[in-house]
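Trainee: Pasting in a structure now, in C-alpha cells, and then I'll have a few things to ask.
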Amino acid sequence: MKRTMIVLSIVIVLSMILGACVQPTAAPTAAPVVEPTAAPVVEPTAAPVVEPTVAPTEAPAPTEAPVAEVKAGDTVLPRKETLYFNGQQWGSVVGWNPYSSSNNNAMAIAAQDSARVIMFETPYIYNMMDGKQYPLLADGDLVWNDAGTEITFKIKAAAKWNDGTPVTADDVAYTWASHIKYNTQFGAAGKPYIENIEAVDPATVVVKAKLGDDGKPVNSMIVQAYLSSNYVIQKAWTETLEARIGAETEKFLTDPAEDVAYSGPYGKFFADDSKVVYIRNDNYWGQDASMWGKLPAPKYLAHIIYKDNAAGTTALQAGEVDVSQQFNSNVQDFWLKDNLPISTYLPEPPYGIGASLPTAFFNLAVPGLDQVAVRKAIALAVDYDTIIANAMTNQSATFTQVPRSLMNPTPGEQALYDHEAVKDLQWAGNDIEGAKKLLDDAGIVDTNGDGNREYNGKELAFQALCPNGWSDWQAAMEVVAAAGAKIGINITTNFPEWAVYQTVVTNWPLQEGYDIFMMWSDGAGPTQPWSRTQHLMHSMFAETTNNWNGNYGGYKNPAADALIDEIPTIDDPEKIKANYTELVKIYLTDVPSFTLMYRPQSFHTVNESVWTNFPHEGDGTDPAVPPLDLTDGYSIAGLYNLTLVNP
Amino acid sequence: MKGYWKYFRKKLLWLLITTIFAFVLNFLLPTLMPGDPVAGIVSRLAQGMSTSTGVKEIYENYAEQFGINKPIIEQFFIYVRNVFRGEFGVSFTQYPRPVSDIIKSAVTWTIALQLPAIIVGWILGNTLGAVAAYRKGPFDKALLPLSILISNFPAFGMAVILLVIFAVRLRWFPTSGGYGFDMIPTLSWGFVASVLHHYVLPFLSIVLITIGGQAIGMRSMAIYELNADYVKYSRFMGIKDNQIVKYVFRNAMLPQLTGLALSIGTMVGGSIVAETIFSYPGLGTTILSAIKGQDYPLVSAVTLIITIMVLIVNFLVEVFYGFVDPRIRATQAE
Chain A
611 MKRTMIVLSI VIVLSMILGA CVQPTAAPTA APVVEPTAAP VVEPTAAPVV EPTVAPTEAP
671 APTEAPVAEV KAGDTVLPRK ETLYFNGQQW GSVVGWNPYS SSNNNAMAIA AQDSARVIMF
731 ETPYIYNMMD GKQYPLLADG DLVWNDAGTE ITFKIKAAAK WNDGTPVTAD DVAYTWASHI
791 KYNTQFGAAG KPYIENIEAV DPATVVVKAK LGDDGKPVNS MIVQAYLSSN YVIQKAWTET
851 LEARIGAETE KFLTDPAEDV AYSGPYGKFF ADDSKVVYIR NDNYWGQDAS MWGKLPAPKY
911 LAHIIYKDNA AGTTALQAGE VDVSQQFNSN VQDFWLKDNL PISTYLPEPP YGIGASLPTA
971 FFNLAVPGLD QVAVRKAIAL AVDYDTIIAN AMTNQSATFT QVPRSLMNPT PGEQALYDHE
1031 AVKDLQWAGN DIEGAKKLLD DAGIVDTNGD GNREYNGKEL AFQALCPNGW SDWQAAMEVV
1091 AAAGAKIGIN ITTNFPEWAV YQTVVTNWPL QEGYDIFMMW SDGAGPTQPW SRTQHLMHSM
1151 FAETTNNWNG NYGGYKNPAA DALIDEIPTI DDPEKIKANY TELVKIYLTD VPSFTLMYRP
1211 QSFHTVNESV WTNFPHEGDG TDPAVPPLDL TDGYSIAGLY NLTLVNP
Chain B
76 MKGYWKYFRK KLLWLLITTI FAFVLNFLLP TLMPGDPVAG IVSRLAQGMS TSTGVKEIYE
136 NYAEQFGINK PIIEQFFIYV RNVFRGEFGV SFTQYPRPVS DIIKSAVTWT IALQLPAIIV
196 GWILGNTLGA VAAYRKGPFD KALLPLSILI SNFPAFGMAV ILLVIFAVRL RWFPTSGGYG
256 FDMIPTLSWG FVASVLHHYV LPFLSIVLIT IGGQAIGMRS MAIYELNADY VKYSRFMGIK
316 DNQIVKYVFR NAMLPQLTGL ALSIGTMVGG SIVAETIFSY PGLGTTILSA IKGQDYPLVS
376 AVTLIITIMV LIVNFLVEVF YGFVDPRIRA TQAE
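Line by line, the protein sequences are chains A and B. The working numbering puts the first sequence at residues 611 to 1257. The working numbering puts the second sequence at residues 76 to 409.
Printed below as a string of C-alpha cells:
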C-alpha cells in the first residue's frame, strides 16, 4: 500500500513538473507571433522572422519588414535592445481595442490628458512642462478660425498606418463618428462640446465646436483637449470590426482587437500572464524628417507584471527595470545608500514634478463641518510637512515651497493666479494656535471641560477616511486625525475597502461617518487648471449620484460657479487670471476641501545600468521632455534620445 | 461488499446535497458584498469627463450589460445557465476578458506549483514523522522541535526569508516571475531551465511548511498507534516487525490522508502568499484581486472550483476509506 502510494505520488510530481515547463506555450494569449502566417516560434528550426506589423486582410505586409533579432529556441529579449518598465501594467493584458478605455492594456492604451502614444497616436501631444500641444499626426500648430468656432488642421503627408496605408482625415472623422455611434466614453465626454469632426479632403480635418446661445463655443478648452487626448483609429480596421460584430453592437467595445491597425512606433509582440512586450515597427512613419527624423532607440518595450510595489522595487534595484512608474519610498536611498545608478527627474526633493493634488473633502452636510471655522481650523492644524516627509518620503513639494491654491506646482499653472492677492489666505499647516483662535472666536469652545470642543451642545467628533491599503493616503489621514486632537476636535480614522469606499463617496447623500475623506483631483492637462477647479468647486457635481468628477462634499457657491463657467469663454489672459485669483480666494476662504500634498502625474524613476540620457531637469531638451515615463504625451520624445551606457 | 455499496450511495447523496448548497452560496455570498462593482469600472472611465450625464449613461450601460440591475433571482438563473454551458461570464476587473479564459491561463501555474509541493511535503513529512516515532532517540528529539518551529512559521514569513536570503542577498535564484524577465516562452532547454530556476523558491516556501506540519501529525499518530493494543498483541503473536510497521502506518495514515485531501482541495487559496511574494502567476492572486474588485463572476467561478475540488476530493477520500478501513464497511453493514 505504502509503496504504491509513493510510486503514484512520484509519478504525479514528475508529471506536474513537466506540466510546469510546458504550460506557458499553452497560454491562450501566449502566441508570441503576431503575424498569422509566420512560422510558430515553438518550432526550433523555424526561421526567426517575427513580423511586427499586424497585416490587415487587404494590404500585404511591407516587403522590407523588419527582422526581429530574437532567436527561435532560447527566445531571450536582447537586454541592450529592450527598455523595461514597471508600475503601469498590473494584470494580464485583456485586449488591444483603442475604442475601449476599460481595456487594461496600460502601456498601449491610455487616452488621457497626456495620452500614451507608443501604439496609437493623437493629432497633437500635450507637454505638461509648458502646457502646449505639439503636432504629432497633425501638420502645423493648433489654431482656431477667426470666429473661434472651429479648428482646421492637416494630417502629415508622411503619416502611415502599420499596414503602409496613409493616415487620412477620413480616419479622424470616422473615429469620432464611431465614438458617437457606439456611445463610447470618449463620445459621451466630447458630445456636449463638439458638434462634429469632418474630413474636408483626405488631408484636412475640421473640428466644429458646439456653440452656446451667444454663438461662442460651449467650451473651447475641451474641444482643443480632444485633439491631444483621443487616438485616431483606422477607418478600414473599424469597418472590419463592425463587420465582425454584426448586430451585436455592445461587442464594439469588448472586442479584443488583436488585429488592430496602429500608427505609432510600437505594436504587439507578446503578452501572457507574466509580461507584455511591444516591438518597434521599423517602418514607422515618424522617422520621416517631418516628425522625429529617426526611430526610437529601444527595439522592444517590455513590462513585467509584478504583483505588488515591493516586487517592482526589487526588480528596479536588480536592474531588471529601466523606467519605474511606481511609488518607491525613500527613493533617494537607491543612490545615496545603495550606490545604485538610479535617479529621478530632480536630484533633490521633491524628486519629480507635482501635477495632481490629493485632497481631503469635508462632508458639508455634517453638523459642525458646515461651519467654515471648523473646516479651516482642521486644515490649519494639519502638519503637512509630516505628511510629505512620511507618506510621500519627500516626493512632494511642501506648502512653503509651493503655497496652496487650486494650481499644481507646474510653472504654467502657477502663473495663472495673483500670488500677492491671496497671500494672507494661504497656510502652510501645523498652526495650532491659529486654529484654536479661529474656533474660540467662532464661539466653538469646550464647555463641559472634557478637552473636546462642542458645537450646538454636541461634541465635535469626526471620522477621517480613505481606502484601505493606500498607505500614503492612510498616513496622511492619520496626520489629519492627530491635528484634530491638538485643537480639541476628536477625529478618528477609518479605512474601508476601496470597493465600498468609492461607492459611498460617489453617491450623495454620503453614508453616516463619511465626514472627512480623501479623493484625487485632476493632474496636468490642456484643460487645466480649469477642469480641476470645476471638479473641486462647481455645484453641478454637488449632491449628485454616480459622481466621479469631484465636489464630493456637496459645496455650493453661485459666485464660484459663475466664475468657473465664464473662464472657457474669455480670451483676455488678464481676465482669466483675475477669475482664477478670485476662485483661489473663495476656495481658501470657504475651505470645502483642502490639498494634503502634491503628487506627480507619473512617478518617474530610472535605472541607468543599460540605458541612459533619460529626461531630467536641465537635460537641454527644447521643449523640455516631461518626466512621464517616455510613453505619455510629449514625453515620448525621450525614447528618441536614449543611448546605451555600453554600446 | 454490500455494506460498501450502501456506504457509497450514502456518501454520493451527501455529495449531491452539499454541491447544491455550495452552488447557491457560491452565487449568493459574493453578490452580498457591500459596494458596487460597476462603480469600479466606471470610475476608470469617468476621469476627464466634464459632465455628469455622460457618466450616468455609461454607468447604466454597464449595469445593463452585467445584469446587476436585474432581480437577484433572475441573476441566479442566468448564472446557473452560464455555468452549465461552461461559461462564467465576463470578468468585471479584467473586463472584457471572459472568466474562463482568465482561469484557464492561471490554473496551470497554480496546479504546477501547488500539487507537487503539497505532495512532496506530505510524503517527506509523513516519512519523517513515522521514522521519528519508530526510531525515537536523537532523531526524534531533533526533528520534533525543528518541525514545530518550521510549521509555525507564517507562510509569508517563510517566503520572505527565502526571498531575502537566496534571491536578494545570495542571488542564487530570481526574485520574481514564473520564468526569466527577458524571455519569451518557447519549448527550449533555456526556457525550461528558466522555469525550473524560478520554480525553486516558491516551491520550497510551500514544501518546508508542509513538511513540518505533516511530520508532527504523523509522529503523534504513529506513537499512538505503536502503543495500541493490537501492536502489543501482534508482538506477542510473534508477527514480524516489518509487518507491524505496515499495520501501524496504514492506521496512522488515515487522518493524514484527510489532511492531504483537504490541502489539495484548498490549494488555490493556499497559493496566494507564494504567488504574491514571488510575483508568480496563478489563481491565488487572481482571486485576491477579484475579491478586492468585487468581481462576482470571477470570484464565483474560482470559489466554485475550490468548492467542487474540496467536495470531490473529500468524496474520493471517503470512498477510499471504505476500502482501506474495514471498520467503516462494517458499521454500514449493520
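Beta carbons are placed, not taken as given, at the ideal position from N, Cα and C, and that holds for glycine. Small disclaimer: the values here were computed from a predicted structure and weren't measured.
If we ignore side chains and look at the alpha-carbon of each, how far apart do E645 (chain A) and M1147 (chain A) end up?
Mentor: Residue 645 (chain A) sits at position 35 when you count from the first residue of the first sequence. Residue 1147 (chain A) sits at position 537 when you count from the first residue of the first sequence. Residue placement at E645 (chain A) cannot be trusted, given a pLDDT of 32 that sits under 50; the coordinates are not used to answer.
Trainee: With H, G and I counted as helix, E and B as strand and the rest as coil, what does DSSP make of P220 (chain B)?
Mentor: Within the second sequence, the letter at position 145 stands for residue 220 (chain B). If DSSP states are grouped into helix, strand and coil, P220 (chain B) belongs with the helices.
Trainee: Just list the beta strand (DSSP E) runs in the segment 835-909 of chain A, keeping only unbroken ones of 3 residues or longer that don't cross its boundaries, in chain order.
Mentor: For the segment 835-909 of chain A, whole beta strand (DSSP E) runs of length 3 or above, ordered along the chain, are 876-881 and 885-890.
Trainee: Taking only runs that begin and end inside the segment 1103-1133 of chain A, name each unbroken beta strand (DSSP E) of 3 or more residues, in chain order.
Mentor: Listed in chain order, the complete beta strand (DSSP E) runs (minimum 3 residues) inside the segment 1103-1133 of chain A are 1126-1129.
Trainee: Judging by CA-CA distance, which residue of B:V267, B:I383 and B:F395 is the nearest neighbour of T93 (chain B)?
Mentor: Position 18 of the second sequence, counting from 1, holds the residue named residue 93 (chain B). For the residues B:V267, B:I383 and B:F395, the minimum Cα distance to T93 (chain B) belongs to B:I383.
Trainee: Measure the beta-carbon distance from F163 (chain B) to P372 (chain B) and round it to whole angstroms, keeping in mind my assumption that it falls under 8 Å.
Mentor: For the purposes of this step, residue 163 (chain B) is identified with residue 88 of the second sequence, where counting begins at 1. For the purposes of this step, residue 372 (chain B) is identified with residue 297 of the second sequence, where counting begins at 1. Confirmed, Cβ separation roughly 5 Å.
Trainee: May I ask which residues mark the beginning and end of the alpha helix (DSSP H) holding P1236 (chain A)?
Mentor: Working through the first sequence from its first residue, we reach residue 1236 (chain A) at position 626. From DSSP, P1236 (chain A) is part of no alpha helix (DSSP H); its letter is neither H nor E.
Trainee: Using a 10 Å radius around the Cβ and a threshold of 16 neighbouring Cβ atoms, would you call M1017 (chain A) buried or exposed?
Mentor: As a first step, residue 1017 (chain A) is located in the first sequence; it is residue number 407 there, counting from the start. M1017 (chain A) is buried by the Cβ-count criterion.
Trainee: DSSP beta-bridge partners for M258 (chain B)?
Mentor: Position 183 of the second sequence, counted from the first residue, corresponds to residue 258 (chain B). M258 (chain B) pairs with A:V686.
Trainee: I believe G110 (chain B) touches V1110 (chain A) by the beta-carbon criterion, under 8 Å. Please report the beta-carbon distance rounded to the nearest angstrom.
Mentor: Stepping through the second sequence from its first residue, residue 110 (chain B) is reached at position 35. Stepping through the first sequence from its first residue, residue 1110 (chain A) is reached at position 500. 4 Å between Cβ atoms; contact.
Trainee: Tell me the start and end of each unbroken alpha helix (DSSP H) in the segment 125-205 of chain B that is at least 4 residues and wholly inside, in chain order.
Mentor: Taking only runs of at least 4 residues, the alpha helix (DSSP H) segments lying wholly in the segment 125-205 of chain B are 127-141 and 147-159.
Trainee: Name, please, each residue of chain B whose Cβ falls closer than 7 Å to the Cβ of Y916 (chain A).
Mentor: In the first sequence, the residue the question calls residue 916 (chain A) occupies position 306. Near Y916 (chain A) (Cβ distances below 7 Å), the residues of chain B are S251 and S354.
Trainee: Express the C-alpha separation of E760 (chain A) and S839 (chain A) in angstroms, rounding to a whole number.
Mentor: Here residue 839 (chain A) refers to the residue found at position 229 when the first sequence is read from its first residue. Here residue 760 (chain A) refers to the residue found at position 150 when the first sequence is read from its first residue. Cα to Cα, S839 (chain A) sits roughly 18 Å from E760 (chain A).
Trainee: For V887 (chain A), which residues in the same chain have their Cβ closer than 6 Å to its Cβ, ignoring the five residues on either side in sequence?
Mentor: Numbered from 1 along the first sequence, position 277 holds the residue referred to as residue 887 (chain A). Correct list, in chain order: F879, F880, Y910 and A912.
Trainee: Can you pull the chain B residues whose beta carbon is under 9 Å from the beta carbon of R689 (chain A), in chain order?
Mentor: Along the first sequence, read from residue 1 onward, the residue named residue 689 (chain A) stands at position 79. Correct list: D257.
Trainee: For N1004 (chain A), which residues of its own chain have a beta-carbon under 7 Å away from its beta-carbon, when the five flanking residues on both sides are left out?
Mentor: The residue you call residue 1004 (chain A) lines up with position 394 of the first sequence. Answer for N1004 (chain A): P959, P960 and I998, listed in chain order.
Trainee: Measure the alpha-carbon distance for V1220 (chain A) versus W847 (chain A) and round it to whole angstroms.
Mentor: Residue 1220 (chain A) sits at position 610 when you count from the first residue of the first sequence. Residue 847 (chain A) sits at position 237 when you count from the first residue of the first sequence. Going from the Cα of V1220 (chain A) to the Cα of W847 (chain A) covers about 37 Å.
Trainee: Can you tell me whether DSSP reads G697 (chain A) as helix, strand or coil?
Mentor: The residue given as residue 697 (chain A) occupies position 87 in the first sequence. DSSP places G697 (chain A) in coil when its eight states are reduced to three.
Trainee: Would you say D892 (chain A) and A768 (chain A) are within 8 Å of each other, going by their C-beta atoms?
Mentor: Here residue 892 (chain A) refers to the residue found at position 282 of the first sequence. Here residue 768 (chain A) refers to the residue found at position 158 of the first sequence. Contact flag unset, no.
Trainee: If you run the structure through DSSP and keep just helix, strand and coil, what is Q633 (chain A)?
Mentor: Along the first sequence, one-based indexing puts residue 633 (chain A) at 23. Confidence in Q633 (chain A) is poor, its pLDDT being 34 and thus under 50, which makes the residue's placement too unreliable to answer from.
Trainee: If Q698 (chain A) sits next to Q927 (chain A), beta carbons under 8 Å apart, how far is it from one beta carbon to the other, in whole angstroms?
Mentor: One-based indexing of the first sequence puts residue 698 (chain A) at position 88. One-based indexing of the first sequence puts residue 927 (chain A) at position 317. The pair is not a contact, with the Cβ atoms about 18 Å apart (cut-off 8 Å).
Trainee: Can you have a look at N136 (chain B) and say buried or exposed, based on whether 16 or more other CB atoms are within 10 angstroms of its CB?
Mentor: Position 61 of the second sequence holds residue 136 (chain B). Buried.
Trainee: Count the other CB atoms within 10 Å of the CB of D1132 (chain A); is the residue buried (16 or more) or exposed (fewer)?
Mentor: Position 522 of the first sequence, counted from the first residue, corresponds to residue 1132 (chain A). The residue in question, D1132 (chain A), is buried, as its Cβ has 16 or more Cβ neighbours within 10 Å.
Trainee: Of the choices B:K179, B:F102 and B:E132, whose alpha-carbon is the least far from that of I149 (chain B)?
Mentor: Here residue 149 (chain B) refers to the residue found at position 74 when the second sequence is read from its first residue. For the sequence presented, residue 149 (chain B) should be read as Glu rather than Ile. When each option's Cα is compared against that of E149 (chain B), the closest is B:F102.
Trainee: Can you check which of these residues, A:Y894, A:Y734, A:L1193 and A:D740, is closest to I765 (chain A) by C-alpha distance?
Mentor: Along the first sequence, read from residue 1 onward, the residue named residue 765 (chain A) stands at position 155. Residue A:Y734 is the option with its Cα nearest to I765 (chain A).
Trainee: Let me know the secondary structure DSSP gives H1226 (chain A) once reduced to three states.
Mentor: Position 616 of the first sequence holds residue 1226 (chain A). In the structure shown, H1226 (chain A) sits in coil (DSSP, three-state: anything other than H, G, I, E or B).
Trainee: Which chain A residues are close to D111 (chain B), counting only those with a beta carbon under 7 Å from its beta carbon?
Mentor: Here residue 111 (chain B) refers to the residue found at position 36 of the second sequence. Neighbours of D111 (chain B) on chain A, chain order: T1113.
Trainee: Mind listing the chain B neighbours of F880 (chain A)? Cutoff is C-beta to C-beta under 9 Å, in chain order.
Mentor: One-based indexing of the first sequence puts residue 880 (chain A) at position 270. Neighbours of F880 (chain A) on chain B, chain order: I259 and P260.
Trainee: According to DSSP, is P658 (chain A) helix, strand or coil?
Mentor: Here residue 658 (chain A) is taken as the residue at index 48 of the first sequence, counted from 1. At P658 (chain A), the pLDDT of 33 sits below 50, so the modelled position is not reliable and the matter cannot be decided from this model.
Trainee: Anything in the segment 360-394 of chain B with a Cβ closer than 8 Å to a Cβ of chain A? List those residues in chain order, please.
Mentor: Taking 8 Å as the Cβ-Cβ cut-off against chain A, the residues of the segment 360-394 of chain B that qualify are T360, S364, K367, G368 and Q369.
Trainee: Can you pull the chain A neighbours of V243 (chain B), defined as C-beta to C-beta under 7 Å?
Mentor: One-based indexing of the second sequence puts residue 243 (chain B) at position 168. What V243 (chain B) touches in chain A: T924.
Trainee: What would DSSP say about R1063 (chain A), mapped onto helix, strand or coil?
Mentor: Working through the first sequence from its first residue, we reach residue 1063 (chain A) at position 453. It is coil, neither helix nor strand.
Trainee: For F180 (chain B), would you say it is in contact with chain A, using Cβ-to-Cβ distances shorter than 8 Å as the test?
Mentor: On the second sequence, position 105 is the one that residue 180 (chain B) refers to. Reading off the sequence, residue 180 (chain B) comes out as Ser, not Phe. Yes, contact with chain A.
Trainee: For S900 (chain A), does the count of other Cβ atoms within 10 angstroms reach 16, so buried, or fall short, so exposed?
Mentor: Along the first sequence, read from residue 1 onward, the residue named residue 900 (chain A) stands at position 290. Counting Cβ neighbours within 10 Å, S900 (chain A) comes out exposed, since fewer than 16 surround it.
Trainee: Going straight from the alpha carbon of R246 (chain B) to that of G705 (chain A), what length do you get?
Mentor: Taking the first residue of the second sequence as position 1, residue 246 (chain B) is located at position 171. Taking the first residue of the first sequence as position 1, residue 705 (chain A) is located at position 95. Distance between the alpha carbons of R246 (chain B) and G705 (chain A): 35 Å.
Trainee: Which residues in chain A sit within 9 Å of E350 (chain B), going by Cβ to Cβ distance?
Mentor: Counted from its first residue, the second sequence places residue 350 (chain B) at position 275. Near E350 (chain B) (Cβ distances below 9 Å), the residues of chain A are K917.
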